[in-house]
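**Q** Take a look at the following structure, please.
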Amino acid sequence: MNTEKIFTHRAGIVAVAVVVCFLWGSAFPFIKLSYELLDIQQGEVYKQVLFAGYRFFLASLMLAAFLVIKERRIAFTKGSLPALLQVGFFQTTLQYVLFYIGLSYSTGIQGSIITGSSTFFSIILAHYMYNNDRINKRRLIGLLLGFTGVMLASSTKGALRFSFGLGELVLLLSAFSNSLGGILAKNRASAMDTVYLTSYQMMLGSFVLLLLGASGAGWKPFHFTGLSLLYLIYLAFLSAAGFALWNTLLKYNKVGKVSMYFFLVPVFGVLLSAMLLHETLHSIVFAALLFVVIGIIVVNQEKS
49 MNTEKIFTHR AGIVAVAVVV CFLWGSAFPF IKLSYELLDI QQGEVYKQVL
99 FAGYRFFLAS LMLAAFLVIK ERRIAFTKGS LPALLQVGFF QTTLQYVLFY
149 IGLSYSTGIQ GSIITGSSTF FSIILAHYMY NNDRINKRRL IGLLLGFTGV
199 MLASSTKGAL RFSFGLGELV LLLSAFSNSL GGILAKNRAS AMDTVYLTSY
249 QMMLGSFVLL LLGASGAGWK PFHFTGLSLL YLIYLAFLSA AGFALWNTLL
299 KYNKVGKVSM YFFLVPVFGV LLSAMLLHET LHSIVFAALL FVVIGIIVVN
349 QEKS
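Count along the sequence shown from 1, add 48, and you get the number used in my numbering.
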């Protein structure tokens, strides 16, 4: 079975999307654990951006190594630089600079909820960019169910008290940048290998993160131990595997069909935080998961 058949088969789509969302959901607790070990405080944005730069540069090297093993070479494709810079800017640099700045001015609850808004942006952008990927009644119902699930999952961390200020606005812009980056990657992947695209855009995007972070925190503010280095390697792996698989899913499928699975990321984040950070796991999380799953089913069911 070739790559396209795997990523377009119904079982393949479900399996890959769930694995990717599980990986991205696990980033929340592992970032918290890393911050604790490396003494990165909540307001230290430069250190957070530098750590993200380490993570994504290492992730790009992992994908480059995979390309060497797979293709026996990692030659730069002539004429691909504009596409790599465009995707790298939105999917890596801008998204994570905005995310860390926004999170420092907002709460974890609202951060989790706004992360789920990437699904809305992806489906809205797809509605206007692709004639065969329009918003319909089923998709709207599925979106509402999925977002309800995200809100329920996030409410287990505390009371749902919403406010909207600079932090929330920046987080929304981060979610929009993530969605736009995914669609740009889908468009560009038609002319180049997805792993190549993901590797180089991540490498170029991470350079900017490293420069920005180092401008305020220096190049080596962290004292790594064996455990903190292991966490960094895992975070790099989940980024490399997650973005490569997600961009491949987007390449072969409609954006609206795939993006619904993104609602699973905050739910998995809450579940895994309970397991790894020993946070209280409320039964409402399972109700949240049920809402998300039903929403995904509604969006992806075949027309009668």
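Heads up, the beta-carbon is just placed ideally off N, CA and C, and yes, glycines get one too.
1. Can the beta-carbon of V340 be found less than 8 Å from the beta-carbon of G304?
2. Pick helix, strand or coil for A123, following the three-state DSSP scheme.
3. For G229, which residues from the same chain have a beta carbon less than 7 Å from its beta carbon, with the 5 sequence-adjacent residues on both sides left out?
4. Would W294 count as contacting chain C if we go by Cβ distances under 8 Å?
5. Under the assumption that A353 contacts K95 (Cβ atoms under 8 Å), give the Cβ distance between them as a whole number of angstroms.
6. Can you tell me whether DSSP reads K268 as helix, strand or coil?
7. Is I332 helix, strand or coil when you go by DSSP?
8. Please list, in chain order, all residues of the same chain as L192 whose beta carbon is under 7 Å from its beta carbon, the five residues on each side excluded.
9. Do G101 and S254 have their beta-carbon atoms positioned less than 8 Å apart in this structure?
10. Assign I332 to buried or exposed, taking buried as 16 or more other Cβ atoms, counted over all protein chains shown, within 10 Å of its Cβ.
11. Can you list, in chain order, the residues of its chain whose CB lies under 6 Å from that of T163, leaving out five sequence neighbours each side?
12. Excluding five sequence neighbours on each side, which residues of the same chain lie with their C-beta closer than 7 Å to the C-beta of L337?
13. When burial is assigned at 16 or more other CB atoms within 10 Å of the CB, is S247 buried or exposed?
14. Along the chain, which unbroken stretches of the alpha helix (DSSP H) at least 4 residues long are found entirely within the segment 231-285?
15. According to DSSP, is L325 part of a helix, a strand, or is it coil?
16. For the alpha helix (DSSP H) that L129 lies in, which residues bound it at each end?
17. I need the boundaries of the alpha helix (DSSP H) containing G91, first residue and last residue.
18. Do you know whose CA, among G60, K80 and V66, lies nearest S321's CA?
19. So, helix, strand or coil for R103, using DSSP?
20. The alpha helix (DSSP H) that contains L173, what's its start and end?
21. Which residue from S276, S307 and T328 puts its Cα closest to that of I61?
22. Can you name, in chain order, every residue of its own chain whose Cβ lies under 8 Å from the Cβ of L200, other than the five neighbours on each side?
23. Should F291 be labelled buried (16 or more other beta-carbon atoms within 10 Å of its own) or exposed?
24. Which residues bound the alpha helix (DSSP H) around L142?
25. Out of F105, L259, K126 and L232, point me to the one whose CA is closest to A288's CA.
26. Is G215 helix, strand or coil by DSSP?
27. Looking at A404: is its Cβ nearer than 8 Å to the Cβ of L297?
28. Would you call M356 buried or exposed, if buried means 16 or more other Cβ atoms sit within 10 Å of its Cβ?
29. For Y282, I'd like the list of residues in its chain whose CB is within less than 7 Å of its CB, leaving aside the five on either flank, ordered along the chain.
30. Specify the secondary structure class of N301 as computed by DSSP and reduced to three states.
31. Is the segment 108-118 touching the segment 180-187, taking contact as three or more C-beta pairs under 8 Å?
32. Counting only the same chain and skipping the five closest in sequence on each side, list residues whose C-beta sits under 6 Å from that of F147.
**A** On the basis of the data shown:
1. no
2. coil
3. V135, F138, Q139 and Q143
4. Judged by its chain identifiers, the structure shown contains no chain C, having just a single protein chain.
5. This structure cannot speak to residue 353, because the chain is shown only from 49 to 352.
6. coil
7. helix
8. none
9. yes
10. exposed
11. P314
12. G197 and V315
13. buried
14. 242-265
15. coil
16. L129 to G136
17. Taken as a continuous stretch (DSSP letters only), G91 belongs to no alpha helix (DSSP H), as it is neither H nor E.
18. K80
19. helix
20. S165 to M177
21. S307
22. I332, V333, A335, A336 and F339
23. buried
24. Unbroken run through L142: none, as it is neither H nor E.
25. F105
26. helix
27. For the chain, the structure presents residues 49 to 352; residue 404 sits outside this window and is missing.
28. Summary: the structure shown does not reach residue 356, with the chain confined to residues 49 through 352, and so no result is reported for it.
29. F78
30. coil
31. no
32. S222
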